[in-house]
Amino acid sequence: MIAQLETPRLELRSLEIGDSEQTQRLFPKWEIVRFLTNHVPWPYPDDGALTYYREYALPAMARGEAWHWSLRPKSDPHQLIGIVSLMKAKTTIGGSGSDCRGNAKA
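Under the working numbering, think of the first position of the sequence shown as 996, with each following residue one higher.
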């Protein structure tokens, strides 16, 4: 289980499969996708968020290889406004072990 976090204005909740519907409405915008890795398909498929959550994000969280949070304003905690992620790096620079890198999404 990933801890829920908060800032003065936001709640960061552990990503859940049910978040995919709101993500699907927010995410497939070229203004967002163009700044992300080239692994994000474009045009973004109709089931892109659900597929990503089900096949990649949630299994990686279960394995302890990634941590994904949904971002929600405290003023409306049912409204998803984005996702933030940390993932274990597959490669390192100048040594052994692993480090983490962050990716902001929608």
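We treat Cβ as the ideally placed atom computed from N, Cα and C, and that holds for glycine. Since we're looking at a predicted model, the values are computed, not measured.
Problem set entry | Buried or exposed by the 16-neighbour rule on C-beta atoms within 10 Å, applied to ARG1029 | exposed
For this session: State the beta-bridge partners of LEU1066 as determined by DSSP.
Result: LEU1007, GLY1077
Problem set entry | Cβ-Cβ separation, GLU1001 to VAL1007 (assumed contact under 8 Å), whole Å | Val is not the amino acid found at residue 1007; the sequence shown has Leu there. The pair is a contact, with the Cβ atoms about 7 Å apart (cut-off 8 Å).
For this session: Report back the beta-carbon spacing between LEU1066 and LEU1005 to the nearest angstrom; my notes put them in contact at under 8 Å.
Result: 6 Å
Problem set entry | Contacts around ILE1076, its chain only, beta-carbon distance under 7 Å, and the 5 residues preceding and following it disregarded | LEU1066, ARG1067, PRO1068
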